[in-house]
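Below: the structure, in structure tokens.
Numbering (the numbering used here), first residue to last: -11 to 87.
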């Protein structure tokens, strides 16, 4: 992960001080197990990520590791599975449901 390239505590400090208008991140140093599944019913145990996500001008998304063979294979397989599940009326783990 390239999340380790970002000093998240310094980033939070800069956001608090108003030195940044906004931030978009697709990596986070402790991202393992935090993305690509619905955790909305669980308590967030990563205080740093929780603090970062309290800012209205911060967008955090899962990293896709773009332009690697493995990433394209995974994205393709997931997309095909999602389309097939939809067309065949099956439920799918990737569907976001309102709370």
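Cβ atoms here follow ideal geometry from the backbone N, Cα and C, with glycine treated the same way.
Which same chain residues, not among the five before or five after residue 79, have their C-beta less than 8 Å away from its C-beta? 73
If you draw a straight line from the alpha carbon of residue 40 to that of residue 47, how long is it in whole angstroms? Roughly 9 Å between the two C-alpha positions.
If we ignore side chains and look at the alpha-carbon of each, how far apart do residue 64 and residue 76 end up? Each residue's Cα considered, the two are about 18 Å apart.
Could you tell me the alpha carbon to alpha carbon distance between residue 12 and residue 28, rounded to whole angstroms? 20 Å
In chain order, what residues of the same chain have a beta carbon less than 8 Å from the beta carbon of residue 62, not counting five sequence neighbours either side? none
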